[in-house]
Amino acid sequence: MDKNFKLSNAIAHLILIIGVIIITFPMYFGFVASTQSVEAILHGNSGILPGNYFVENYLEIFSPNKNILPGISIWHLLFNSLFVTLLITFGKTAISIISAYAIVYFKFPFRNTAFALIFLTLMLPVEVRIVPTFQMASNLNLLDSYQGLSVPLIASATATFLFRQFFMSIPDELCEAARIDGAGPVRFFWDTILPLSKTSIAALFVILFIYGWNQYLWPLLITTKQSMSTIIIAVTQMITSDGKTPWHLVMGVAFIAMIPPVLVVILMQKWFVKGLIDSEK
Amino acid sequence: MEKRAVFDSKIIPYLFLAPQIIVSAVFFFWPALLAIWQSFLKEDAFGLSTEFVWFDNYKAIFHDSNYLSSIFITIIFSLSVTLICLVSALILAGLINKIRLGKIIYQTLIICPYAVAPAIAGVLWFFLFSPSIGHIAHLMTNAGLNWDPNLNENHALILIILASSWKQISYNFLFYLASLQAIPKSLIEAAAIDGANSFRRFTDIIIPLISPTTFFLFIMNLIYTFFDTFGIIYTTTQGGPGYSTTNLVYKVYVDGIVNLNLGGSAAQSVILMVFVSFITILHFRFVEKKVHY
């Protein structure tokens, strides 16, 4: 029995190790390529171990004097990505938490209508209404602006549902006590609900950060100026069809673009899992 | 479920709802209505003249062999990715649930692809499978396989299936892990005492208990392959060669943004909206019926 258990345990580890190698190899090889010379990559001699060009390549990428795309440095791209991601993350959290609060803690005409409308947005991902949403943003002069990159993405039902579900689990006594103490709805929200929601907000933050950072289709449509580009867009624009793609730099920038969301997931793993599983329920 | 204690206010709930409703109205509902309206119009590429053409756009797309092929490709693509993700994620989650040592290390590495942008995932896979410079492509060429996703339609489809599966395994893995951890240990032990071997325990106890999760993941994977794989397709195959890797969302983009066929693209958008509504309702009816996963 014990011997059997040991054997099956060893097999489990073996399969897991193989699985993990398969899962991590695209990222690993991306990194390996970023430490090679472009000639080695183009000749297919890049090998499976990191090369000698790590310092040289990354100095070139991070050098403030050199632009990775015409007219734009990596610092500018990282700033754009981070700024837009934070706008999306905070905007989405803020509008979702207050709308969930309104739906749970008030009785008013059209409450169900409002809830149904929010529910409807679930059925309208940006991908299915590409052209008219783009036209709308263009009519509002939002092309090539930080508002244009973020505001159309900050309304969504899932965050509202998450907060609604959490508020439903808060005991009624808390609200009653607050009312006896003379607290109004805004005070109750600020002093009680918001502090209680910290956990949900942290969990949601991780999910939304990844969502915002990784956006592709929308920034691709709404930016025409290189200076408004995000780092994800920039990586794909560095690839050209004329065979002159600087692959060592593309892989370096791709690797850098992966770091913030991967880091957020690894460091906040507990919250990430909670956020993912709560928000999909 | 209703709250007993609620506030009375004539203005505050509307003020609190306003930002979400306004943003939704401007960027969700109005564009959606516009899509429906545009789907009945024929507009020339410069937007100089428009004509109301009833269902002509819909008729046209269903006579467009590229559209019909994109339906077919979407189905193959979605089902392949879903199958690969469900099976491999279940295996990984089952194994992690079994071992004691190193759980957190395996788990951390397995969930990393979730955090990678689809477009970046596309770039990585494009690079690895690029016939002239990619490691994997070289291995396959050395093995005598004439690998070229730029020319061979099947190779291109395999490439987007693999890249898309790679990104989605993490998601399935976490839900399976949560669902496996929720199975009471006593149930498995009782079955073991009754003499059920691990295979029987898996097929007769675990599989039925995780079937709600499987159904949930099936729906979520469909939504993922339909709507979230644009970045992967754009960076690996650009829908080609020909239209061999153009799925429905990619077709909306190509017709609307690249070919400026606004009416046709809008009609496709409307069809997709009907599809998402159907899936969303199915999902919610299911979730409301049973919530314990």
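So the protein lines, in turn, are chains E and U.
Add 12 to the 1-based position in the first sequence for our numbering, that's all there is to it.
Add 7 to the 1-based position in the second sequence for our numbering, that's all there is to it.
All residues carry an ideal CB built from backbone N, CA and C; glycine is no exception.
Note that the structure is predicted; figures quoted are calculated from it, not measured.
If you look at L48 (chain U), you'll find it in the beta strand (DSSP E) that goes L48 to E50. Around the beta-carbon of S75 (chain E), fewer than 16 other beta-carbon atoms lie within 10 Å, marking it exposed. Judged by DSSP in its simplified three-state form, I214 (chain U) adopts helix.
When C-beta distances to chain U are compared with 7 Å, every residue of the segment 69–92 of chain E stays at or above that value. Spatial neighbours of I222 (chain E) in its own chain (CB-CB distance under 6 Å, excluding positions within 5 residues in sequence) are listed in chain order as P273. Taking a cut-off of 8 Å on C-beta distances, the segment 21–28 of chain U touches the segment 116–130 of chain E, as three or more cross pairs fall below it. Interface residue (Cβ-Cβ distance to chain U less than 8 Å): E139 (chain E) is classified as such.
The beta-carbon separation of M135 (chain E) and S284 (chain U), rounded to 4 Å, stays under the 8 Å limit for a contact.
The beta carbons of A246 (chain E) and I80 (chain E) sit closer together than 8 Å.
Interface residue (Cβ-Cβ distance to chain U less than 8 Å): V276 (chain E) is classified as such. Within the same chain, Cβ atoms closer than 8 Å to the Cβ of I239 (chain U) are found at P125, A126, A128, G129, W132, I167, A170, S171 and K174, the five residues on either side in sequence being excluded. In this structure, V88 (chain U) places its C-beta atom within 8 Å of the C-beta atom of N228 (chain U). For M147 (chain U), none of the residues of chain E pass the 8 Å Cβ criterion, the least Cβ distance being about 13 Å. For T235 (chain E), not one C-beta of chain U is nearer than 8 Å to its own C-beta.
Only I142, V143, P144, T145, F146, Q147, M148, A149, L152, V163, P164, L165, I166, A167, S168, A169 and T172 from the segment 142–174 of chain E bring a Cβ to less than 9 Å from some Cβ of chain U.
For N16 (chain E), no chain U residue has a Cβ inside 7 Å of its Cβ, as the nearest lies near 10 Å away. Contact check for M270 (chain E) against V123 (chain U) passes: the beta carbons are separated by less than 8 Å. For a Cβ distance threshold of 9 Å, residue set P120, V123, A128, L131, W132, F134, L135, A170 and W173 of chain U lies close to P38 (chain E), ordered along the chain. Distances from the CA of T170 (chain E) to each of U:V13, U:T287, U:I29 and U:I19 were compared; the closest alpha carbon is that of U:T287. S241 (chain E) has a beta carbon lying at 8 Å or more from every beta carbon in chain U. Around the beta carbon of W154 (chain U), a 10 Å sphere encloses 16 or more other beta carbons of the protein chains shown; the residue is thus reported as buried. Assigned with DSSP and collapsed to three states, T57 (chain U) falls in strand. Note on the segment 232–266 of chain E: whole alpha helix (DSSP H) runs with a minimum of 4 residues are 243–249, in chain order.
The beta carbon of G63 (chain E) is closer than 8 Å to those of V44, T47, Q48, S49 and A52 in its chain, skipping five residues each way along the sequence.
Rounded to whole angstroms, Y65 (chain E) and L261 (chain E) show a C-alpha spacing of 11 Å.
Around the CB of A150 (chain U), fewer than 16 other CB atoms lie within 10 Å, so the residue is classed as exposed.
The Cβ atoms of S177 (chain U) and I118 (chain U) sit closer than 8 Å to each other. About 13 Å separates the beta carbon of L194 (chain U) from that of I217 (chain U), a gap too long to meet the 8 Å contact definition. With a minimum length of 3 residues, there is no unbroken run of beta strand (DSSP E) contained wholly in the segment 92–119 of chain E. Minimum Cα-Cα distance from P137 (chain E) among the listed residues U:S16, U:T252, U:A39 and U:Y74 corresponds to U:A39. With respect to chain U, the C-beta atom of Y223 (chain E) has no partner C-beta closer than 8 Å.
Between Q281 (chain E) and chain U, the shortest Cβ-Cβ separation is below 8 Å. Look at F14 (chain U) here: in three-state DSSP terms it is strand. Put simply, the segment 44–53 of chain U does not touch the segment 217–231 of chain E. Fewer than three CB pairs are less than 8 Å apart.
Taking a 10 Å sphere around the C-beta of P120 (chain U), we find 16 or more other C-beta atoms and assign the residue as buried. Counted as a single uninterrupted DSSP element, the alpha helix (DSSP H) harbouring H162 (chain U) occupies residues E160 to Q188.
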